[in-house]
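Under numbering that gives the first Met the number 0, the first sequence has 901 at position 902, and the numbering climbs by one with no breaks.
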Amino acid sequence: MHSVGIVIERRVKPKVDPALVSKVRAIEDKWVDRWIKSGIFEAEPDPSKPKFFVTFPYPYINGLIHLGGAFTILRVDIAARYKRMRGFNVLFAQGWHATGGPIVSAALRIREGDKKMVSDLISMGVPVDEISKFSNPEYWVKYFSDNWRRDLISYGLSIDWRREFYTTYLNPYYSKFIEWQYLRLRDKGLVGKGTHPVVWCPKELKVVGDHDRPDEYVGISLVDAVLMKFKLDDGHIIPTMTFRPETIYGVTNIWIKPEAKYLIADVDGETWILNSYMLEELKDQGHRVNVKGEVDGSSLIGLKVNNPVTGLKVPILPAYFVDSELGTGIVMSVPAHAPYDYVALMDLKSNPELLVRYGLDSSVVDGIEPIPLIKLEGYSSIPARDAVTSRNVKDQNDFKKLDEATSEIYSKEYYNGVLLENTGKWAGRIVCEVKDEIIDWLESNGYAIRIYTLPVRVYCRCGARTHVKIVSDQWFLLYSDENWKKMTLECIDSMNLYPPEIREELKKTAFNLRDWAFTHKGELGTHLPWDPDWVIESLSDSTIYMAYYTLAKYLQHPEKYGIKPEQLKPEFFDYVLLGRGNVAEVSETTGIPAELLDEIRREFSYWYPVDLRISGKDLLYNHLVFFIMHHVAIFPREFWPRGISINGWIMVSGEKMSKSKGNFILLRDAINYWSASAVRWAEVMAGADSTLEDPNFEPSMADLAVEEILRWIDYASGNYGVGRSERLKIDDWFESALHQTIKKVTELMDKTMYKSAFVEAYYNLQNKFKWYLRRAGTPNRDLLKQFIEIQTLLLAPFIPHVADEVWERIGKDGYASIHPWPTYDESKIKPELDLAEEIVKGVLEDARELLRLVKQAKMVRVTVAAKWKYDLLAEVKKALMEGARLNEAIRISFRKVSLPSKLASQLVQSISRNPETIEMHVPVDVEYAVLKEAEEFLSRELNLKVVVEREEESSSPKKDISLPSRPAIYME
RNA sequence: GCGGGGGUCGCCAAGCCAGGUCAAAGGCGCAGGGCUUAGGACCCUGUCCCGAAGGGGUUCGUGGGUUCAAAUCCCACCCCCCGCACCA
């Protein structure tokens with residue numbers, strides 16, 4: 000699915016000590032080896048356990064995996080590992096996508112000795128003497144799938160490799176599966192035939208995809224245009240190409256290139272004058288053409304043509320901006336709304352000599368004035384003039400400014416321009432609303448025809464100029480089918496989608512989907528079973544292949560199960576995937592033993608449907624919708640997909656990753672630089688939550704991660720089992736924090752919010768632990784053990800090699816990787832201890848601030864507020880809960896608690912000034928006890944004697960201002 | 001234009017759905033201190049402005065509004081990114 004680019008220059012470098020990286024890498028190698036040997040990630044159906052099937056769109060293997068792919072597939076691995084720890088039987092398999100044109104074309108280039116292609120391969124680590132092997136497309140598939148697998152294994156992915164496969168006729172088993180899928184779609188009436196425009200190479204006689212073009216022509220797609228039929232008095236048609244047929248009402252003249260040669264040709268029975276390029280294009284778009292002669296552009300100058308719509312006679316004039324090789328080579332001039340036309344007209348008016356050269360009288364242009372036909376807010380009646388003047392355009396050679404002006408006027412007039420009275424029945428309408436109607440009208444009256452063309456010159460790799468051809472026997476998937484859409488929308492409604500906003504996006508995309516040309520020629524893929532000249536294109540053969548992972552274990556291992564491709568008759572798939580047919584008969588037809596058929600059927604029905612598909616946001620608008628559509632078309636409801644999680648595209652140091660910027664990083668390079676664990680760490684920190692925002696990979700984060708990882712391994716293994724045995728109040732707080740962390744992390748993991756979960760699981764927990772050590776001095780032994788275990792397990796989905804290493808070093812058996820996920824005990828979570836801890840922090844901060852101001856003090860007196868203040872606050876809180884507003888609540892509460900009026904007014908002020916005290920407050924005895932226990936800690940931190948006392952027993956001159964959660968502090 | 005995502009205290013980035021505990025988490029950077037032969041790492045403190053008592057002032061793209069109270073809700077506007085199909 001994702002195409003992979005190629006490294007040219009490597010600007011990003013690691014800063015971390017390579018010796019440290021080697022240490023981590025050694026640990027990783029050890030665990031990767033054990034995982035593979037033990038087969039702990041090989042998934043077998045187990046009806047006693049709930050299953051979880053998670054997938055990553057298989058990559059297009061024309062290159063190596065880079066940080067972008069690594070990011071998304073890491074999220075899949077995290078999901079898989081997490082679910083495994085949660086007790087699910089998890090299937091995570093991986094295949095490779097070879098369908099499409101790029102590999103074929105790249106192999107061709109190697110065969111032709113293309114230097115760039117060769118250097119691309121070398122920069123990906125291919126030895127020079129092996130380059131020639133890449134002239135065979137099949138070798139690409141083999142080489143890059145091997146290398147992807149290698150990279151993914153060292154990355155630590157928990158994939159069941161027995162289910163690996165690649166697509167296309169290179170893998171006949173897979174092709175049989177695709178053939179079956181399309182036969183069934185055809186049975187259901189979801190396949191049709193029709194015409195379709197393509198970019199065409201007239202020399203090689205083939206469709207020209209992006210991969211068939213030099214770089215500078217990549218991404219240019221064909222557009223709709225209109226040929227307007229102006230008529231000479233002798234009946235010859237002068238066709239002008241335009242993207243703005245509505246401006247026909249403002250045509251003042253026709254532009255022609257005097258030096259150019261034009262053809263006189265028969266087109267659908269009329270005599271046209273146009274360039275050879277458009278004639279070719281017309282021929283390939285179903286028009287009958289026949290060349291009759293040739294004419295110089297100059298000889299047409301001065302002639303008058305009839306505007307087919309307005310009937311106005313306008314002259315043909317010379318203009319050097321006209322590209323005789325684009326469109327028909329002849330342009331209609333609408334100076335009011337087209338900057339080029341406006342400037343060309345002005346040029347001509349100020350250079351009458353030019354006219355004389357063509358034997359014209361300068362008076363020809365004198366009478367020509369722009370004809371406004373669109374009203375545009377914020378512009379004069381001649382918007383083209385405004386755009387030209389504001390840019391200070393000198394003449395028609397000022398391409399850059401003119402192109403800018405053109406796109407400004409075109410797009411504004413298209414979306415906001417209102418047609419004027421002189422456009423007849425279109426008057427008052429907005430251009431974009433009526434454009435199609437206008438074209439229909441022009442066409443049905445014979446004033447114009449629709450064509451497809453390329454907006455600029457586009458060349459094929461072979462050097463020939465391409466044009467647009469309409470192919471007539473194109474196969475379509477009928478995505479516009481109402482019923483199909485309806486079922487698709489139902490499925491989307493029933494799915495778990497992360498982030499939630501993609502639900503509407505998916506529905507909208509499905510709803511607007513048009514029929515899809517699903518067959519191509521000359522590419523790798525699976526031949527269409529009923530019309531084998533065609534090959535099923537790449538997006539269309541990758542819609543339900545997740546089902547194939549459940550079969551691949553059997554089909555891709557003939558050495559074990561003895562199944563041959565030719566045995567995979569449609570009946571086979573009908574039986575194992577749809578449960579249709581009688582097993583004895585299917586066995587008879589296919590020659591596959593009935594028991595094996597049943598085993599495969601059980602395997603499929605156990606794992607299916609897909610529980611979660613994790614993908615980059617780019618696939619939202621095509622693949623993911625197709626994925627859903629084909630499932631609902633082929634499978635019964637119980638096998639419809641259950642979930643999708645989307646993430647953005649990776650950035651490196653805040654910039655889009657690109658070869659030219661030199662910040663393009665291959666996964667294997669990143670692992671060499673920083674280790675797999677540190678890369679995983681930095682990828683998660685880049686932003687592994689489910690969101691449409693782009694994550695940002697910071698190389699410095701990977702540097703830090705290496706050290707952080709080694710620190711954790713050392714700390715955990717060196718401190719497991721140390722600590723004091725007695726239990727302190729602060730231990731309760733940390734225990735509460737631990738359980739709270741598990742709870743939060745679990746909730747975030749369930750929402751595929753992996754960065755947030757990781758920050759909570761590591762950074763926030765570490766900070767809490769640091770605070771605990773500061774507060775407690777020596778930690779409690781049991782609690783420290785618990786912390787180390789929990790911390791390690793929470794990290795396991797993210798940095799599994801490291802977790803397993805720590806697990807082993809602290810003397811545990813088995814793997815942290817597949818150990819049950821830690822559970823939390825709700826009764827151990829004590830919010831009031833957190834609040835009390837906040838109070839301690841607050842006292843410490845306030846005391847520090849006071850010390851800065853007071854400069855010196857001998858001791859600190861901390862006075863906890865009197866009980867009646869707590870009672871009062873409790874009343875206020877109660878009143879607030881009942882819906883009272885703050886001031887009201889305070890007033891109500893005062894009536895209930897009797898106290899001296901002087902104190903009362905003071906309190907009103909401080910409560911309304913510090914509303915946080917309302918939320919923060921804990922029972923007075925808890926606050927007092929915690930602060931009392933913290934006396935020693937506070938005095939250690941402040942380097943001063945600290946005394947905690949109750950207001951009732953205090954002699955502090957500041958005791959009156961004490962509030963619940965805000966003890967009075969007095970510096971003596 | 002339509003649809004989607006964003007614009008937060010030097011940079012990165014939480015918070016926004018469920019308004020008050022938000023001068024606003026965390027990281028980086030910067031400054032000071034501790035540790036250290038030194039550097040790194042690590043730990044602590046500070047990092048919008050003013051302040052000799054925990055306070056005050058001005059901030060969360062811009063401008064309005066709702067509210068006792070707005071980064072958070074409403075309205076209008078500005079800027080950036082992505083998709084709008086045959087590249088995978």
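Backbone N, C-alpha and C define an ideal beta-carbon position, used for all residues, glycine too.
In this structure, the beta-carbon distance from M84 to S816 falls below 9 Å.
By the neighbour-count criterion, in which a residue is buried when 16 or more other Cβ atoms sit within 10 angstroms of its Cβ, D480 is buried. Rounded to the nearest angstrom, the Cβ distance from Y81 to M748 is 5 Å, consistent with a contact under 8 Å. N511 sits in a helix when the DSSP states are folded into three classes.
Per DSSP, the unbroken beta strand (DSSP E) holding A224 starts and ends at V222 to L231. Within the DSSP bridge table, the entry for D265 names T270 and N289 as partners. Three or more beta-carbon pairs separated by less than 8 Å are not found between the region 604-620 and the region 28-35, which leaves the two stretches without contact. Residue R456 holds the alpha-carbon nearest to the alpha-carbon of E280 among I72, M752, W639 and R456. Counting C-beta pairs closer than 8 Å gives fewer than three between the region 498-513 and the region 652-671, which falls short of the contact rule. Here Y57 carries a coil assignment [DSSP, helix/strand/coil]. Distance from A105 to M116 at the Cβ level is roughly 6 Å; contact confirmed, criterion being Cβ atoms closer than 8 Å. Under the DSSP assignment, Y451 falls outside any alpha helix (DSSP H), being part of the beta strand (DSSP E) whose first and last residues are A447 to T452. If you look at Y969, you'll find it isn't in any alpha helix (DSSP H); it sits in the beta strand (DSSP E) that goes A967 to M970. Taking C-alpha positions only, L156 is separated from I613 by approximately 14 Å. With at least 16 other beta carbons inside 10 angstroms of its own, N274 counts as buried.
In this chain, the beta strand (DSSP E) harbouring R949 covers K944 to R949. Within the model, the alpha-carbon separation for Y57 versus T388 is close to 53 Å.
The C-beta separation of V225 from A264 comes to about 19 Å, leaving the pair out of contact by the 8 Å criterion.
D803 and S964 have their C-alpha atoms spaced approximately 43 Å apart. The continuous stretches of alpha helix (DSSP H) do not include K192, which lies in the beta strand (DSSP E) extending over residues V190 to C200. According to the DSSP assignment, M116 belongs to the alpha helix (DSSP H) that extends over K114 to S122. Spatial neighbours of F936 in its own chain (CB-CB distance under 7 Å, excluding positions within 5 residues in sequence) are listed in chain order as R774. Of all C-beta pairs linking the region 54-71 to the region 125-138, fewer than three are shorter than 8 Å, placing the two stretches out of contact.
As a beta-bridge residue in DSSP terms, K303 pairs with P314. Under the three-state reduction of DSSP output, N662 falls in the coil class, being neither helix nor strand. Beta-bridge partners assigned by DSSP to F696: V651. Residue environment: K754 is assigned as buried (16 or more neighbouring CB atoms within 10 Å of its CB, all protein chains considered).
In the three-state scheme derived from DSSP, where H, G and I count as helix and E and B as strand, I645 is classed as strand. Secondary structure note for G615: its beta strand (DSSP E) is the uninterrupted segment L611 to G615. The beta carbon of K958 sits closer than 7 Å to the beta carbons of T862, E950 and A967 from its chain, once the five residues preceding and following it are set aside; these are given in chain order. The residues Y248, G249, L419, N421 and T422, in chain order, have a CB closer than 6 Å to that of L372 in the same chain once the five nearest residues on each side in sequence are set aside. Residue Y414 holds the alpha-carbon nearest to the alpha-carbon of E432 among Y414, T549 and L169. A buried status is given to I535, since no fewer than 16 other beta-carbon atoms sit within 10 Å of its beta-carbon.
A contact between stretches requires three or more CB pairs, one per stretch, nearer than 8 Å, and the region 198-206 fails this requirement with the region 424-440. 9 Å or more divides the Cβ of Q555 from the Cβ of G590.
DSSP places T589 in the helix class (H, G or I) of the three-state scheme.
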